Amino acid sequence: MSRRWGPIVTGIALTLTFLTLVVLGTLGPDRPSRAGEAQGTAPPPDWLRKLRDGEKPPQFVLFSFDGAGSHEHWQRVLPLARKVDAHVTGFLSGIYLLPDHLRGEYAGPGHGRGRASIGFGGTDAEVATRISDLNTAYRQGHEIGTHYNGHFCAGNEPSGGRWSQADWTSELDQFFTIMRGAAARGLVVPENSIKGGRVPCLEGDPRRFLPTMGERAMTYDTSLTTEGIAWPELRDGVWEFWVPVVRVPALSGKKAIMMDYNLWYSLNGAKEEPGRDAEFTSVTLDTYRAAYQAAYNTNRAPLTVGNHFNDWSGGAFSRATEQFMQEVCIRPETVCATYTEVIKWMKLQDPSVLDTYRTKPHAQVS
Numbered sequence: 366m367s368r369r370w371g372p373i374v375t376g377i378a379l380t381l382t383f384l385t386l387v388v389l390g391t392l393g394p395d396r397p398s399r400a401g402e403a404q405g406t407a408p409p410p411d412w413l414r415k416l417r418d419g420e421k422p423p424q425f426v427l428f429s430f431d432g433a434g435s436h437e438h439w440q441r442v443l444p445l446a447r448k449v450d451a452h453v454t455g456f457l458s459g460i461y462l463l464p465d466h467l468r469g470e471y472a473g474p475g476h477g478r479g480r481a482s483i484g485f486g487g488t489d490a491e492v493a494t495r496i497s498d499l500n501t502a503y504r505q506g507h508e509i510g511t512h513y514n515g516h517f518c519a520g521n522e523p524s525g526g527r528w529s530q531a532d533w534t535s536e537l538d539q540f541f542t543i544m545r546g547a548a549a550r551g552l553v554v555p556e557n558s559i560k561g562g563r564v565p566c567l568e569g570d571p572r573r574f575l576p577t578m579g580e581r582a583m584t585y586d587t588s589l590t591t592e593g594i595a596w597p598e599l600r601d602g603v604w605e606f607w608v609p610v611v612r613v614p615a616l617s618g619k620k621a622i623m624m625d626y627n628l629w630y631s632l633n634g635a636k637e638e639p640g641r642d643a644e645f646t647s648v649t650l651d652t653y654r655a656a657y658q659a660a661y662n663t664n665r666a667p668l669t670v671g672n673h674f675n676d677w678s679g680g681a682f683s684r685a686t687e688q689f690m691q692e693v694c695i696r697p698e699t700v701c702a703t704y705t706e707v708i709k710w711m712k713l714q715d716p717s718v719l720d721t722y723r724t725k726p727h728a729q730v731s
């Protein structure tokens with residue numbers, strides 16, 4: 366889970382943002398489905414091309430899910446994504462592919478063999494179901510990235526925030542070793558398709574983990590935060606897709622990292638409060654809508670929507686994300702894409718055209 370939370374600042378009323386976005390939420394023209402594109406069975410979508418003269422970039426929305434191990438969540442997200450022609454990214458915790466009886470195959474840096482801050486894969490049957498879900502997601506054009514393995518965060522030392530480059534190398538090596546073991550049990554997601562990831566709890570020194578990613582020809586990371594919504598930046602040969610820190614319209618004067626856990630923490634310290642779930646869904650959904658509109662109206666920077674396959678607060682944040690996906694992915698000039706798809710699009714563009722947008726101020730929720 367992500368546990369870094371930032372300072373918190375002034376917002377606007379929920380109703381005004383909702384009404385504005387209802388007006389703007391009209392359906393765009395039909396777009397060809399991208400299902401199967403990752404395997405080369407579908408033509409590239411119309412937006413995957415060089416911008417025409419005077420044309421603005423699409424508003425990319427990047428739905429990503431840390432852990433990516435829940436069958437129930439994949440069962441909800443996959444049909445929804447297919448319905449609205451969205452591609453999502455699942456950041457897989459590698460040890461979810463290790464059955465409990467094989468937990469001794471993993472040794473987190475600085476920790477004993479078979480130890481982790483999250484559960485292992487469960488029974489062989491549970492791991493088989495997870496492999497089937499990942500295979501289905503990959504075949505439908507979604508992206509699988511790494512959420513590393515043991516999920517060691519501050520307080521469970523040595524945590525990722527203290528790991529050396531050698532430690533991150535070990536953690537990534539073990540992730541890919543686990544993937545190869547899962548391939549022998551039916552996983553079809555290719556090892557070389559893992560192009561990026563997010564570090565657990567957003568904790569880690571990028572001077573240590575980014576070079577480790579670059580050494581493996583990985584192309585992106587999405588672990589670092591920035592004020593507002595900004596274009597990706599190339600660091601140590603790896604594209605950094607920023608997780609935005611935004612104003613939460615319903616919380617006057619407050620800001621939060623725009624991830625489900627961090628929004629929950631800003632609302633009530635991340636405590637389960639039966640009876641407030643609908644409120645939390647509404648606040649989260651309104652925040653997503655406002656962040657989208659801020660980027661769409663200004664710099665058109667790709668918007669990272671970071672989440673987990675968890676049902677915190679009665680599923681409030683999962684419901685908000687799924688509702689937002691239904692609303693936003695069908696809008697004109699909007700593409701719900703994977704990180705690798707956005708990188709492909711950026712490579713097609715005239716750098717000077719992109720620079721006109723990159724140099725704009727970060728989009729801010731007012």
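The number in this note's numbering is simply the position in the sequence shown, starting from 1, with 365 added.
Virtual Cβ for every residue (Gly too), placed ideally from N, Cα, C.
Note that the structure is a prediction, hence the values are computed from the model and not measured.
Local Cβ density within 10 Å of residue i, reported as buried at 16 or more and exposed below that
i: residue 558; result: exposed
i: residue 431; result: buried
i: residue 440; result: exposed
i: residue 414; result: exposed
i: residue 514; result: buried
i: residue 444; result: exposed
i: residue 639; result: exposed
i: residue 417; result: exposed
i: residue 590; result: buried
i: residue 421; result: exposed
i: residue 671; result: buried
i: residue 438; result: buried
i: residue 565; result: buried
i: residue 625; result: buried
i: residue 560; result: buried
i: residue 522; result: exposed
i: residue 618; result: exposed
i: residue 455; result: buried
CA-to-CA distance, residue j to residue i, given in whole angstroms
i: residue 696; j: residue 664; result: 17 Å
i: residue 483; j: residue 630; result: 20 Å
i: residue 678; j: residue 544; result: 32 Å
i: residue 516; j: residue 572; result: 19 Å
i: residue 717; j: residue 704; result: 21 Å
i: residue 690; j: residue 527; result: 35 Å
i: residue 613; j: residue 656; result: 9 Å
i: residue 652; j: residue 627; result: 12 Å
i: residue 706; j: residue 507; result: 10 Å
i: residue 538; j: residue 586; result: 17 Å
i: residue 519; j: residue 729; result: 29 Å
i: residue 499; j: residue 568; result: 26 Å
i: residue 474; j: residue 604; result: 25 Å
i: residue 593; j: residue 609; result: 5 Å
i: residue 732; j: residue 470; result: Because the chain is modelled from 366 through 731, residue 732 falls outside the range shown and cannot be assessed.
i: residue 701; j: residue 452; result: 6 Å
i: residue 620; j: residue 634; result: 14 Å
i: residue 588; j: residue 563; result: 5 Å
i: residue 540; j: residue 511; result: 8 Å
i: residue 682; j: residue 494; result: 24 Å
i: residue 446; j: residue 552; result: 21 Å
i: residue 501; j: residue 647; result: 31 Å
i: residue 723; j: residue 597; result: 8 Å
i: residue 580; j: residue 644; result: 45 Å
i: residue 424; j: residue 476; result: 42 Å
i: residue 466; j: residue 496; result: 17 Å
Close-in-space but distant-in-sequence residues of the same chain around residue i (CB under 7 Å, 5 per side omitted)
i: residue 534; result: 577
i: residue 489; result: 464
i: residue 725; result: 663 and 664
i: residue 650; result: 685, 688 and 689
i: residue 711; result: 719
i: residue 529; result: 573
i: residue 575; result: 586, 600, 601 and 603
i: residue 637; result: 678
Own chain residues within Cβ distance below 6 Å of residue i, not counting five before or after
i: residue 435; result: 674
i: residue 595; result: 607, 666 and 727
i: residue 478; result: 469 and 472
Sequence-distant residues of the same chain with beta carbon closer than 8 Å to residue i, five excluded per side
i: residue 492; result: 461, 462, 463, 464, 486, 547 and 550
i: residue 448; result: 691
i: residue 713; result: 413, 414 and 415
Min CB distance residue i to chain C below 9 Å
i: residue 433; result: The structure shown contains no chain C; it is built from a single protein chain.
First and last residue of the uninterrupted alpha helix (DSSP H) at residue i
i: residue 591; result: First-last for residue 591: 590 to 592, but that is the beta strand (DSSP E), not the alpha helix (DSSP H).
i: residue 632; result: 625 to 633
i: residue 537; result: 530 to 548
Residue i: first and last residue of the uninterrupted beta strand (DSSP E) it sits in
i: residue 487; result: Here residue 487 belongs to no beta strand (DSSP E), and DSSP marks it neither H nor E.
i: residue 510; result: 508 to 511
What residue ranges within the stretch 415 to 466 form continuous beta strand (DSSP E) runs of no fewer than 3 residues, ordered along the chain? 424 to 432 and 454 to 457
Write down every uninterrupted run of the alpha helix (DSSP H) in the stretch 661 to 723 whose length is 4 residues or greater and which is fully enclosed by it, in chain order. 677 to 693, 704 to 712 and 716 to 723
My parser needs the beta strand (DSSP E) runs of 3 or more residues fully inside the stretch 552 to 620; what are they? 590 to 592, 598 to 600, 603 to 605 and 608 to 612
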